[in-house]
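Protein chains: 2
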Amino acid sequence: MVSTTQESSEPANLNTISMLGQAYSLLGFQIVDGVVGAGFPQKPKHSAVFAQIDPNGSRLTELAQRANITPQAMGELIDELEDLGYVTRQPDTTDRRAKLIVLTDEGRAAVEAGRQTIVGLEERITAILGAKGHKALRAMLTKLLAEAQPDAGMQA
Amino acid sequence: MVSTTQESSEPANLNTISMLGQAYSLLGFQIVDGVVGAGFPQKPKHSAVFAQIDPNGSRLTELAQRANITPQAMGELIDELEDLGYVTRQPDTTDRRAKLIVLTDEGRAAVEAGRQTIVGLEERITAILGAKGHKALRAMLTKLLAEAQPDAGMQA
DNA sequence: CCTGTCTTTCAAGCTACCTTACTAGCTAGA
DNA sequence: TCTAGCTAGTAAGGTAGCTTGAAAGACAGG
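Protein chains in written order, with our numbering: chain A, 626 to 781; chain B, 626 to 781.
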């Protein structure tokens, strides 16, 4: 994208878009750090799986579609998560071609740790901006996401 | 990081951090699209150079440090930008080990196109959120960037 | 002038994707 | 019903974008 490296700590008076990127980068890394710090080693990209996986199990292609990557790439992610003991591949009884990717107990614990970390960070945002400020931020972001789509009539 | 793919358009009621990421992704791609659309082909990562380069020329190592990548990686970026005609390598008269990376006229035009695109997007944000809203958003992001650093006393 | 440090480049390797190609299993139409 | 075509997953190989390691040329201090 447009840089947004992790370090550098000087907020500098940048444009709004850079600031959004820096804020995301700053907080996003803290999610992974939090989960890893809680004793669940993983790579940042693994969160794409954890965020999408259904409690009852999901198919690989389904996860790939939701994460917007190819089934092959998702297959490798799943291989890694299987090695880490977070998921298993089980036969899908309704379709013998397919396998269900299901969370192990350890996997569920990792997801829960992620959820807790995010909750903690959200509370931190509230502490910094105030409850009203945080709510206003979310409202503005929602509005931006809805109305700043490239096809919604903008030209450079 | 934590996913944030470009497509998917459904805002869904996500956590604030995901929303920040999606907003950044949404707008960040529009910067590159705008510049490319203005007739200046480039890749997203090239903006890291354009954003950092000094009008009087910068050294490769200097650019690498600012972009937080290795000099080798920056060297490849510069190779590409040189092929595209946006920069040239000139000998640094004050240190014969070094070379100055300087913008060509085309490079300066590309930087200007980038600046214009960003200005346009900022205006669009203002149109969506209102001048007061946009200002409030920037203030909140500034506050977050200053106070949400990982070392500033937070634990998951 | 010799040693150590800097600037840049070459080489090799890694990661996270991709495309292409395949097998096994499902499904629908003649 | 059987066969043509689609889908789920896997395998092999390629590419982009970085990394570390090592080297050559250039500077600076003792």
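Backbone N, C-alpha and C fix where the C-beta goes; we use that ideal spot for every residue, glycine too.
{"Query": "Under the three-state reduction of DSSP, which class applies to P716/B: helix, strand or coil?", "Result": "strand"}
{"Query": "Label A692/A either buried or exposed according to how many other C-beta atoms from any shown protein chain fall within 10 Å of its C-beta, with 16 as the threshold for buried.", "Result": "buried"}
{"Query": "Given a threshold of 16 other Cβ atoms within 10 Å of its Cβ, counted over all protein chains shown, does V744/B qualify as buried or as exposed?", "Result": "exposed"}
{"Query": "Could you tell me the distance, in whole angstroms, from the CA atom of S672/A to the CA atom of T751/A?", "Result": "23 Å"}
{"Query": "Output needed in chain order: residues of the region 645-676 of chain B with a Cβ under 9 Å from some Cβ in chain A.", "Result": "L645, G646, Q647, A648, Y649, S650, L651, L652, G653, F654, Q655, I656, V657, D658, G659, V660, G662, A663, P669, K670, S672, A673 and A676"}
{"Query": "Comparing alpha-carbon positions, which option in A764/A, I753/A and G755/A lies nearest G758/B?", "Result": "A764/A"}
{"Query": "Kindly indicate which residue of E748/A, Q667/A, E747/A and T767/A has the alpha-carbon position closest to the one of E705/A.", "Result": "Q667/A"}
{"Query": "Taking a cut of 8 Å between CB atoms, which residues from the region 751-774 of chain B lie near chain A?", "Result": "I753, L754, G758, H759, A761, L762, R763, M765, L766, T767, K768, L769, L770, A771, E772, A773 and Q774"}
{"Query": "Against T686/A, what residues of chain B qualify as contacts under a CB-to-CB distance less than 8 Å, listed in chain order?", "Result": "The premise fails here: T686/A is roughly 16 Å from chain B at the closest Cβ pair, so nothing lies under 8 Å."}
{"Query": "Does chain B have any CB closer than 8 Å to the CB of R749/A?", "Result": "yes"}
{"Query": "Find the residues of chain B that neighbour T695/A, judging by a C-beta separation of less than 9 Å, and give them in chain order.", "Result": "The premise fails here: T695/A is roughly 13 Å from chain B at the closest Cβ pair, so nothing lies under 9 Å."}
{"Query": "Is there contact between the region 643-651 of chain B and the region 677-685 of chain B, where contact requires at least three CB pairs shorter than 8 Å?", "Result": "no"}
{"Query": "What is the DSSP secondary structure of I790/A, reduced to helix, strand or coil?", "Result": "Past the boundaries of the shown model lies residue 790/A; chain A is included only from 626 to 781, so the question cannot be answered."}
{"Query": "Look up K724/A in the DSSP assignment and give the residues it is bridged to.", "Result": "P716/A"}
{"Query": "If we count the other Cβ atoms within 10 Å of its Cβ and call it buried at 16 or more, is R749/B buried or exposed?", "Result": "buried"}
{"Query": "Applying a beta-carbon distance threshold of less than 7 Å, which residues of chain A neighbour L706/B?", "Result": "In chain order: nothing, as chain A lies at least about 15 Å away."}
{"Query": "Counting only beta-carbon separations shorter than 8 Å, does L728/B have a partner in chain A?", "Result": "no"}
{"Query": "Taking the alpha carbon of P775/B as the point to measure from, which residue in A734/A, G659/A and G739/A has its own alpha carbon closest?", "Result": "G659/A"}
{"Query": "Can you tell me whether G662/B is buried or exposed, with buried defined as 16 or more other CB within 10 angstroms of its CB?", "Result": "exposed"}
{"Query": "Output, in chain order, the set of chain A residues within a Cβ distance shorter than 8 Å of I743/B.", "Result": "N640 and I642"}
{"Query": "Whose C-alpha, out of E772/A, V736/A and G710/A, is nearest the C-alpha of Q677/A?", "Result": "V736/A"}
{"Query": "Leaving aside the five residues before and after T742/B along the sequence, list all residues of the same chain whose C-beta is less than 6 Å from its C-beta, in chain order.", "Result": "I656, G659 and V660"}
{"Query": "Can you tell me where the alpha helix (DSSP H) holding I703/B begins and where it ends?", "Result": "P696 to D708"}
{"Query": "What is the rounded straight-line gap between the Cα of L709/A and the Cα of M699/A?", "Result": "15 Å"}
{"Query": "For A771/A, count neighbouring Cβ atoms within 10 angstroms of its own Cβ and tell me buried if that reaches 16, exposed if not.", "Result": "exposed"}
{"Query": "Tell me the residue span of the alpha helix (DSSP H) that contains L639/B.", "Result": "Per DSSP, L639/B belongs to no alpha helix (DSSP H) and is neither H nor E."}
{"Query": "Is the beta carbon of I642/B closer than 8 Å to that of L754/A?", "Result": "no"}
{"Query": "Here's the rule: buried if 16 or more other CB atoms are within 10 angstroms of the residue's CB, otherwise exposed. What is G664/A?", "Result": "exposed"}
{"Query": "L725/B to Q697/B, Cα distance in whole Å?", "Result": "15 Å"}
{"Query": "Please report whether the beta-carbon of L746/A lies at a distance below 8 Å from any beta-carbon of chain B.", "Result": "yes"}
{"Query": "Taking the C-alpha atoms as reference points, what is the distance between S650/B and D679/B?", "Result": "26 Å"}
{"Query": "Let's see if you can read the secondary structure: which residues bound the alpha helix (DSSP H) around T686/A?", "Result": "L685 to A692"}
{"Query": "Counting along the chain, where does the alpha helix (DSSP H) carrying A673/A start and finish?", "Result": "S672 to Q677"}
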